[in-house]
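In this note's numbering, the protein residues as written are 37 to 550.
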């Protein structure tokens with residue numbers, strides 16, 4: 037019986053083609069819209085009965101009984117775990133034992149078409165072949181199997197979330213749909229995200245524009261926060277992403293003549309470069325650099341535009357801040373932005389800064405259809421917040437030790453360093469240049485997640501630190517709608533620096549760790 041990885045290295049498998057995984061989800065029905073001959077194909081379970089494939093991947097033995105004729109006819113190879121599943125869990129017999137009893141397995145083995153691999157759901161292993169991880173659904177194992185074989189470009193159809201099959205599998209809806217007792221196929225997305233992050237494969241559904249193109253407004257001084265943002269995005273993204281710091285575009289942005297119309301930061305106007313960078317084609321996501329993501333950004337990327345050129349995040353019902361366009365989904369084909377023309381309109385009085393930045397008046401059709409959870413301004417609710425926006429410059433975690441959610445940001449930074457996504461040297465470089473508080477480097481070197489636990493000697497490192505934003509020109513603008521809102525925010529800021537708050541945080545941390 038042949039090992040999957042050994043077979044994969046032979047000339048029997050076409051090496052130049054990308055791979056397409058075919059599952060039973062709703063998007064399986066779109067396969068006729070694409071030229072499948074451009075791909076090597078791998079089917080999941082019953083999908084082999086509807087489509088000829090290079091490899092039929094089957095974990096559960098019941099699929100062999102249900103689709104035997106189709107497997108023999110449609111699959112060039114059949115790949116199964118060394119210990120196949122019975123009733124959604126690892127069985128008691130290995131593939132060699134089963135092949136002696138099952139005519140299809142025996143035939144496929146004799147023809148050199150039956151392949152095996154070790155799956156993580158059992159301790160019973162064969163040889164020293166790699167163990168392929170799976171937690172919830174077979175798509176995870178298939179993706180890990182291909183990645184382990186060195187495949188870099190993978191697409192899919194029918195590997196969807198939700199709780200339904202394609203109409204092609206109507207007869208199975210009362211038999212196999214979520215038979216493993218999970219409520220939704222959404223659970224597989226976190227595992228897919230982990231595979232993309234750890235292997236670097238290029239993976240996306242074939243029917244979705246890919247990769248997810250994310251543009252971040254920034255300068256070099258904010259690049260540590262950009263890297264943490266990027267890590268937090270990739271950590272949760274169930275399809276490949278491309279994160280582009282906008283200052284790398286090297287497109288010069290002219291300065292408006294009037295001080296009142298000049299950008300409040302060096303990167304305020306960078307967002308208006310995006311459609312041109314993308315050649316006025318496809319979608320793009322815009323983010324500020326002072327953010328952290330906690331959910332799969334694919335859900336933002338795939339929002340329907342409903343004819344709008346731009347989608348923005350709705351304000352939280354309790355927000356007292358000025359409207360922000362710091363999280364946007366752009367339809368670049370409908371946005372004919374030209375930064376030269378925009379600044380000219382500001383100079384000629386056809387446009388004001390407030391109209392441009394707070395009302396987005398240069399867009400005829402925009403909708404506030406993005407859930408407020410995707411732009412949570414200094415708010416965090418576990419399980420609900422999708423994107424935390426550290427919008428108050430004086431308490432951003434890389435600048436200040438006093439942000440109440442700084443431990444969340446630090447958690448991702450430490451994880452990114454541990455996984456080699458960010459080097460300690462990169463953090464040190466930013467500390468030396470004065471871009472971040474010196475105590476942050478101490479936190480990284482000592483693995484301290486919560487800045488409130490820093491010893492006094494580490495806190496003293498920040499004694500002479502002046503955050504880069506203090507060098508920005510002042511414009512008198514405030515992010516609050518009313519003076520009372522600003523006063524409440526100032527009160528919160530001072531309370532968060534008090535000993536009482538430190539005690540409160542200490543108690544909360546102890547309770548959370550129990």
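Idealized CB from N, CA, C, for every residue including glycine.
Buried or exposed: where does residue 382 fall if 16 or more other Cβ atoms within 10 Å of its Cβ makes it buried?
-> Here residue 382 refers to the residue found at position 346 when the chain shown is read from its first residue. Flag for residue 382 reads buried.
Should the segment 210-221 be called in touch with the segment 37-47, which here means at least 3 C-beta pairs below 8 Å?
-> These segments do not touch.
Using DSSP with H/G/I as helix, E/B as strand and the rest coil, what is residue 393?
-> Counting from one through the chain shown, the residue named residue 393 turns up at place 357. The answer is helix: DSSP assigns residue 393 an H, G or I state.
For the segment 306-320 against the segment 417-428, are there 3 or more C-beta pairs whose distance is under 8 Å?
-> No, they do not touch.
Spatially closest choice to residue 178 from 165, 155, 126, 199, by CA coordinates | In the chain shown, counting from the first residue as 1, residue 178 sits at position 142. Cα-wise, what sits closest to residue 178 is 155.
Pick from 445, 168, 397 that is closest to residue 152, judged by C-alpha positions = Indexing the chain shown from 1 puts residue 152 at position 116. Of 445, 168, 397, the smallest CA-CA separation from residue 152 is found for 168.
Counting pairs of beta carbons, one from the segment 254-272 and one from the segment 325-340, are three or more of them closer than 8 Å?
-> Look at the beta carbons and you see the segment 254-272 touching the segment 325-340: at least three pairs across the two are nearer than 8 Å.
In the DSSP assignment, find the beta strand (DSSP E) that holds residue 249 and state where it starts and stops.
-> Here residue 249 corresponds to residue number 213 of the chain shown, with the count starting at 1. According to the DSSP assignment, residue 249 belongs to the beta strand (DSSP E) that extends over 248-253.
Can you have a look at residue 342 and say buried or exposed, based on whether 16 or more other CB atoms are within 10 angstroms of its CB?
-> For the purposes of this step, residue 342 is identified with residue 306 of the chain shown, where counting begins at 1. Answer is exposed; the Cβ neighbour count stays below 16.
Helix, strand or coil at residue 1 according to DSSP, with G and I counted as helix | An answer regarding residue 1 cannot be provided, because it is not within the stretch 37 to 550 covered by the chain.
Where does residue 518 fall in DSSP's three states?
-> Taking the first residue of the chain shown as 1, we reach residue 518 at position 482. Confidence at residue 518 is low in this model, with a pLDDT of 46, below 50, so the placement of that residue should be treated as unreliable; the coordinate-derived value is given next. Secondary structure at residue 518: coil, using DSSP grouped into helix, strand and coil.
Check whether the Cβ of residue 205 lies closer than 7 Å to any heavy atom of the ligand HEM, and answer yes or no.
-> The ligand HEM is absent from the structure shown, which contains no ligand whatsoever.
Residue 272, enclosing alpha helix (DSSP H) - first and last residue | As a first step, residue 272 is located in the chain shown; it is residue number 236 there, counting from the start. Where residue 272 is concerned, the enclosing alpha helix (DSSP H) starts and stops at 259-272.
Rounded separation between residue 311 and residue 369 - CA only | For this step, residue 311 is matched to residue 275 along the chain shown. For this step, residue 369 is matched to residue 333 along the chain shown. Per the coordinates, the alpha-carbon of residue 311 lies some 8 Å from the alpha-carbon of residue 369.
Given residue 95, which residues of its chain have a CB within under 8 Å of its CB, disregarding the five upstream and five downstream residues?
-> Working through the chain shown from its first residue, we reach residue 95 at position 59. The beta carbon of residue 95 lies closer than 8 Å to those of 81, 116, 117, 120, 121, 155, 170, 174, 177 in the same chain, with the five residues before and after it left out.
Return the residue from the list 505, 411, 487, 281 that minimises the CA-CA distance to residue 348.
-> For the purposes of this step, residue 348 is taken as residue 312 along the chain shown, with counting starting at 1. A check of alpha carbon separations from residue 348 across 505, 411, 487, 281 identifies 411 as the nearest.
Specify the secondary structure class of residue 490 as computed by DSSP and reduced to three states.
-> As a working mapping, residue 490 is identified with position 454 in the chain shown. In the structure shown, residue 490 sits in coil (DSSP, three-state: anything other than H, G, I, E or B).
Taking the continuous alpha helix (DSSP H) assigned at residue 143, which residues delimit it?
-> Residue mapping note: residue 143 aligns to position 107 of the chain shown, counting from 1. Taken as a continuous stretch (DSSP letters only), the alpha helix (DSSP H) holding residue 143 covers 139-146.
Close-in-space but distant-in-sequence residues of the same chain around residue 269 (CB under 7 Å, 5 per side omitted) = Your numbering for residue 269 matches position 233 in the chain shown. Short of 7 Å from the beta carbon of residue 269, and not among the five residues preceding or following it, lie these beta carbons of its own chain, in chain order: 250, 277, 279, 329, 333.
Check residue 316 in the structure and name its three-state DSSP category.
-> Mapped onto the chain shown, residue 316 falls at position 280. Look at residue 316 here: in three-state DSSP terms it is coil, with no helix or strand label.
Using 10 angstroms around the beta-carbon of residue 518, count the other beta-carbons present and answer buried if the total reaches 16, otherwise exposed.
-> Taking the chain shown and counting its residues from 1, one reaches residue 518 at position 482. In this prediction, residue 518 scores a pLDDT of 46, lower than 50, which makes its location untrustworthy; the coordinate-derived value is nonetheless stated afterwards. Burial state of residue 518 is exposed, judged by a 10 Å Cβ sphere holding fewer than 16 other Cβ atoms.
Under the assumption that residue 85 contacts residue 114 (Cβ atoms under 8 Å), give the Cβ distance between them as a whole number of angstroms.
-> For the purposes of this step, residue 85 is taken as residue 49 along the chain shown, with counting starting at 1. For the purposes of this step, residue 114 is taken as residue 78 along the chain shown, with counting starting at 1. Contact between residue 85 and residue 114 is absent: CB atoms are separated by about 13 Å, not below the 8 Å threshold.
Run through DSSP, which three-state label would residue 446 get?
-> Within the chain shown, the letter at position 410 stands for residue 446. In the structure shown, residue 446 falls within a helical segment according to DSSP collapsed to helix, strand and coil.
So, residue 233 versus residue 191, is the Cβ gap smaller than 8 Å?
-> Taking the first residue of the chain shown as position 1, residue 233 is located at position 197. Taking the first residue of the chain shown as position 1, residue 191 is located at position 155. Not in contact: residue 233 and residue 191 (Cβ atoms no closer than 8 Å).
Can you say whether residue 266 is buried or exposed, counting buried as having 16 or more other CB atoms within 10 angstroms of its CB?
-> Indexing the chain shown from 1 puts residue 266 at position 230. When all chains shown are included, residue 266 counts as buried.
Residue range of the unbroken alpha helix (DSSP H) whose run includes residue 154 | The residue labelled residue 154 in the question sits at position 118 within the chain shown. Where residue 154 is concerned, there is no enclosing alpha helix (DSSP H), although the beta strand (DSSP E) it sits in stretches over 150-155.
Classification of residue 505 by the beta-carbon crowding that lies within 10 angstroms, buried from 16 upward = The sequence position of residue 505 within the chain shown is 469, counting from 1. Taking all protein chains in view, the Cβ of residue 505 is surrounded by fewer than 16 other Cβ atoms within 10 Å, so the residue is classified as exposed.
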